[in-house]
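Asks: Sharing a structure here in structure tokens format.
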Ligand SMILES: Nc1ncnc2c1ncn2[C@@H]1O[C@H](COP(=O)(O)OP(=O)(O)OP(=O)(O)O)[C@@H](O)[C@H]1O
Ligand SMILES: [Mg+2]
């Protein structure tokens, strides 16, 4: 609760003015029937004259103007308060998501993160808007109208003592039924959004596998789930309306019955204007109760959303540099050492992905990593820029535990081309500048040239200003990989990691890239993960991995002598090469 209140602070004034102005409107609303009643009474007593008539009309117009000012002002400040509030929450949730580590992101689905950032925050915004409009208005109108009614006609007010409790109980029952139904609806909405998010983002894959029908079916199922849960929740709401109207009419019939007896002078004496005024108050009282029930209903939805947003804000970011001891230190040489490193993605699982890894990579060397798919190559290198943290053991860069660097300095020193890398919408130049915001055009071209990207970029009509679409879909797979390499090169990292980053590049071009690394990045440590032995054959050192363990370290020639697994991979690749030839 404290968290949610803290967002009110900057907009305190709006949060106060909104409801206050709504009170002004309520006062008008309660006064209006009084004027009407008085006119009617004067008329039925035969004492109404033009002068009085004008006076009443002036009062009523003034009241109406006051109501309008209150209503418009209340709505204005209410809207301002709620929109600002929601924007601030959204900003913080977004910031938090940006701080998330890979492990944190693995926990929430992208679809659910998007739903929480949009739909859930909108729910809260709508609730606050309603709350600010209603929190004073409904109780204000309820109390105001009740006081006026009792004051006007205590002899009739006992009717409220009967009808209000009955109505309150019924409303409570309705809310109790609707509460869980709205919760279910929210979850279905989440599912629908996840489905839409996944299939729309990956619409190209869907199309290439001709899975449109399947996706439509999946969507239809999620959609009808949402529809059904929506109907079940709204059914309760829809039933509420007619029931309330019936109940109101019964109450009013009762008032007319007993009131008429008083007007007719049978049980008491009462002016007809008073009866009409009393009926209006009765309407207002019952109506305000109905609005209160609506507010509760909305609050149940907002609570569910607030809980989902809190889950993000409360999520512990498991990789941070708060306790780093050498915050100022930067990566200067590029020595890497793994000491007894063990790692698992699911902390409660028995099987570890990496088991007691020991590996030393001297600065400036080129290291190849090879091994069957799923053996843990990507996982191993992810530990260097601290995309994940080790479970036990340590990773040292230049002799310092990676946990002791500031994340900024560490990641600045380590350039990593991820296996599933993406480009962002924007020009090619913008994308390359991710590596170095302040790079000169010469530096950009030189990096692109080293990555063998310059020539194809120049062949585009707009060259470096070519607009890339979201995810870089308008360049080929191999071109995308080369752009990603160029982007990493611009960082001039002390450690460069290429995770299967030339898999879509032809062997001749790949050889050129390797040559560039040798000459251009002489001092940097280069780690190259590859499927093809060709890609790592010339490395100073090749690491062979199998099922989370290192089974061999050496040069190509050494491994050919000593490592059966390496020999087998080599033989199978040579064989397939010959077949192709
Ligand atoms: N984010 C993740 N969450 C849970 N498990 C994961 C995650 N990433 C990888 N794994 C699992 O960890 C193991 C090692 O995966 P890793 O990506 O390191 O393999 P790899 O050697 O890079 O394979 P490839 O050659 O196919 O890229 C695999 O069994 C994989 O299923
Ligand atoms: Mg991998």
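Numbering (my numbering), first residue to last: 265 to 845. Here a beta-carbon is modelled for each residue, glycine too, at the ideal position from N, C-alpha and C.
DSSP puts residue 632 in a beta bridge; with which residues?
Replies: By 1-based counting over the chain shown, the position of residue 632 is 368. DSSP lists 792 and 806 as partners of residue 632.
Asks: By the DSSP assignment, the alpha helix (DSSP H) with residue 374 in it spans what residues?
Replies: Against the chain shown, residue 374 aligns to sequence position 110. Note, residue 374: alpha helix (DSSP H), 374-379.
Asks: Considering only heavy atoms of ligand 2, does any lie closer than 7 Å to the CB of residue 766?
Replies: Position 502 of the chain shown, counting from 1, holds the residue named residue 766. Checking the Cβ of residue 766 against ligand 2 gives no.
Asks: Could you name the residues that DSSP lists as bridge partners for residue 858?
Replies: Outside the displayed span of the chain (265 to 845) sits residue 858, for which this structure offers no information.
Asks: Would you mind stating whether residue 459 and residue 491 have Cβ atoms separated by less than 8 Å?
Replies: Residue numbering aside, residue 459 sits at position 195 when the chain shown is read from its first letter. Residue numbering aside, residue 491 sits at position 227 when the chain shown is read from its first letter. Not a contact, by the Cβ cut-off of 8 Å.
Asks: Spatial neighbours of residue 583 within its chain, please: C-beta separation below 7 Å, excluding the five flanking residues on both sides.
Replies: Here residue 583 refers to the residue found at position 319 when the chain shown is read from its first residue. So the list reads 365, 650 and 653, once near-sequence residues are dropped.
Asks: Under 7 Å: does the beta carbon of residue 465 sit that close to some heavy atom of ligand 2?
Replies: Taking the chain shown and counting its residues from 1, one reaches residue 465 at position 201. No, Cβ of residue 465 sits at least 7 Å from all heavy atoms of ligand 2.
Asks: Extract the residue ranges of the alpha helix (DSSP H) inside the region 442-479, only unbroken runs of 4 or more that lie entirely within it.
Replies: Complete alpha helix (DSSP H) runs here, min 4: 467-472.
Asks: Any heavy atom of ligand 1 closer than 7 Å to the Cβ of residue 384?
Replies: Looking up residue 384 in the chain shown gives position 120. The answer is no for residue 384.
Asks: Compute the Euclidean distance between the alpha carbons of residue 352 and residue 358, then round it to the nearest angstrom.
Replies: Here residue 352 is taken as the residue at index 88 of the chain shown, counted from 1. Here residue 358 is taken as the residue at index 94 of the chain shown, counted from 1. The alpha-carbon atoms of residue 352 and residue 358 are separated by roughly 10 Å.
Asks: Alpha carbon to alpha carbon, what distance is there between residue 687 and residue 758?
Replies: Sequence index remark: in the chain shown, residue 758 carries index 494 (1-based). Sequence index remark: in the chain shown, residue 687 carries index 423 (1-based). Computed Cα separation, rounded: 23 Å.
Asks: Comparing the CB of residue 358 with every heavy atom of ligand 1, is any distance shorter than 7 Å?
Replies: As a position in the chain shown, residue 358 is number 94, starting the count at 1. No - ligand 1 has no heavy atom lying nearer than 7 Å to the Cβ of residue 358.
Asks: Taking 8 Å as the threshold (C-beta atoms), are residue 598 and residue 799 in contact?
Replies: For the purposes of this step, residue 799 is taken as residue 535 along the chain shown, with counting starting at 1. For the purposes of this step, residue 598 is taken as residue 334 along the chain shown, with counting starting at 1. Against a cut-off of 8 Å, the Cβ pair of residue 598 and residue 799 comes out as no contact.
Asks: For residue 504, name the three-state secondary structure that DSSP assigns.
Replies: By one-based count along the chain shown, residue 504 stands at place 240. Here residue 504 sits in helix by DSSP.
Asks: Using a Cβ-Cβ cutoff of less than 8 Å, which residues in the same chain neighbour residue 663 once the five nearest sequence positions on both sides are dropped?
Replies: Position 399 of the chain shown, counted from the start, is the residue given in the question as residue 663. So the qualifying residues of the chain are 599 and 601.
Asks: Using the beta-carbon count (16 or more within 10 Å), is residue 639 buried or exposed?
Replies: Start at 1 with the first residue of the chain shown, and residue 639 comes out as number 375. It counts as buried.
Asks: Got a sec: does ligand 2 put a non-hydrogen atom nearer than 7 Å to the Cβ of residue 343?
Replies: Numbered from 1 along the chain shown, position 79 holds the residue referred to as residue 343. Every heavy atom of ligand 2 is 7 Å or more from the Cβ of residue 343, so no.
Asks: Tell me, please, whether the region 279-288 touches the region 531-546 by the rule of three or more beta-carbon pairs shorter than 8 Å.
Replies: The region 279-288 is not in contact with the region 531-546.
Asks: For ligand 2, is there any heavy atom lying closer than 7 Å to the beta carbon of residue 370?
Replies: Counted from its first residue, the chain shown places residue 370 at position 106. No - ligand 2 has no heavy atom lying nearer than 7 Å to the Cβ of residue 370.
Asks: Taking the alpha carbon of residue 722 as the point to measure from, which residue in 735, 612, 703 and 693 has its own alpha carbon closest?
Replies: Along the chain shown, read from residue 1 onward, the residue named residue 722 stands at position 458. Minimum Cα distance to residue 722 is reached at 693.
Asks: Does any heavy atom of ligand 1 sit closer than 7 Å to the C-beta of residue 639?
Replies: On the chain shown, residue 639 is found 375 positions in, with the first residue counted as 1. Answer for residue 639: yes, Cβ within range of ligand 1.
Asks: Using only alpha-carbon positions, find the residue among 634, 669 and 786 that is nearest to residue 818.
Replies: Here residue 818 is taken as the residue at index 554 of the chain shown, counted from 1. That would be 634, whose Cα lies nearest to the Cα of residue 818.
Asks: If residue 500 and residue 442 are in contact, beta carbons under 8 Å, what's the gap, nearest whole angstrom?
Replies: Walking along the chain shown from the start, residue 500 turns up at place 236. Walking along the chain shown from the start, residue 442 turns up at place 178. Confirmed, about 4 Å.
Asks: Following the continuous alpha helix (DSSP H) through residue 777, name the residue where it begins and the one where it ends.
Replies: Stepping through the chain shown from its first residue, residue 777 is reached at position 513. Segment 771-784, the alpha helix (DSSP H) holding residue 777.
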